[in-house]
Structures are given as C-alpha cells and as structure tokens.
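Working notes for the structure below.
In this note's numbering, the protein residues as written are 1020 to 1067.
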C-alpha cells in the first residue's frame, strides 16, 4: 500500500476499505454501512 502511495499509483481494490467517504473494495465486501457512535448516548450518563 505504501509503495503504491509513494509511486502515485492507485491502491489495489483488495486493499481498499474506504474511498471518498464510502466503503470500497474489501471494505464494501466485508463491512456494512452504519454508525460508529451508537451507544455514545448511554456513555454520557456516566461520570468519572
């Protein structure tokens, strides 16, 4: 991945997870779109 980046080449699809804010390549195959902040409302109720 780093070699492609340094050479200015596109990263191969099998290594892509996200591109332009959307799931891409293996990311689209392996993950579903959702929210990373589910449950944060519950955490707000607790204090240190």
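Quick reminder that beta carbons are idealized off the backbone N, C-alpha and C, glycines included. The structure presented is a predicted model; accordingly, all values stated were derived computationally and were not measured.
When DSSP reads this structure, residue 1041 sits in a beta bridge with 1038. Residues of the same chain with a CB within less than 7 Å of the CB of residue 1027, apart from the 5 flanking positions on each side, do not exist. The alpha-carbon of residue 1030 is positioned some 11 Å away from that of residue 1043.
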